[in-house]
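Notes follow once the structure below has been shown.
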Amino acid sequence: MASKETPGRSGSVRLAAESWEALFRAQVAVMSRLHEGPAFRTGGERLSDKEYDVLFTLSRCPSGWLRLHEINEGVLLNQSSLSRMVERLEKRGLLERMTAPEDGRGVLIRLTEEGIAAQKEVGRAHVRDIAGLLLPALDAEELEQLRRLTTKLRANLPERGQRSR
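Each residue of the sequence shown is one higher than the one before, counting from 3 in our numbering.
Written as structure tokens, this is what we have:
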């Protein structure tokens, strides 16, 4: 059985760290360029990328309604920040809430008609901005490879709250 200090392991650990750093820095660079663009404006009011992420997550739900913890599984926010954001988006008329009929304690959230329109408007512009950044840098085969690798990485992560191997 190989020890944790074998040269192969240390090289693999370094490669993993360098790969993560490259992925992270690329994501930061792309996101900073996306923030410079007009995509996150809707009806003259700015929509943050995290707010858009909540709207996008809700737009992908077949039933239209999600519980707060279900939204939280797909976004990079803690529960209390997400709760406050949902309140702000509801005040802006983009979301609506109702008490969960099956338990009376839970809250269900969905997009309003205005929220659906905002998500589509920002989403279309966002996709154009993404294409404007990625298409000059990567060809179709590289984009497919990037999608495949990042999907594989995400699928093989331990569940939230569980430690990695």
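C-beta: ideal position from N, C-alpha, C; glycine also.
Because the structure is a prediction, the values reported are computed rather than measured.
Check, Outcome
"Three-state secondary structure (DSSP) of Leu89", "Reading the sequence as shown, one finds Glu at residue 89 and not Leu. Here Glu89 sits in helix by DSSP."
"Cβ-based neighbour list, Thr152, same chain, cut-off 6 Å, excluding 5 preceding and 5 following", "none"
"Alpha-carbon spacing of Ala41 relative to Leu135, whole angstroms", "13 Å"
"Assigned exposure category for Thr59 - 16 Cβ within 10 Å defines buried", "buried"
"Leu79 versus Pro103, Leu155, Glu104, Ser50, residue with shortest Cα-Cα distance", "Ser50"
"Assigned secondary structure, Arg11 (DSSP; H/G/I helix, E/B strand, else coil)", "helix"
"Opening and closing residue of the alpha helix (DSSP H) in which Glu104 lies", "Premise fails: Glu104 is in no alpha helix (DSSP H) and is neither H nor E."
"Nearest residue (CA-CA) to His128, options Arg99, Trp67, His71, Val32", "Val32"
"Three-state class that DSSP yields for Arg94 in the structure shown", "coil"
"The alpha helix (DSSP H) enclosing Arg126, as first and last residue numbers", "115-136"
"Whole-angstrom distance between Asn74 and Leu110, CA atom to CA atom", "13 Å"
"Sufficient close CB pairs (3 or more, under 8 Å) joining the region 109-123 to the region 136-147", "no"
"Spatially closest choice to Arg69 from Glu38, Glu104, Lys93, Arg126, by CA coordinates", "Glu104"
"Arg62 versus Lys52: straight-line alpha-carbon distance, rounded", "15 Å"
"Proximity below 8 Å, CB of Gly66 to CB of Arg112", "yes"
"Option in Leu84, Asp131, His71, Lys122 with minimal Cα separation from Ala102", "His71"
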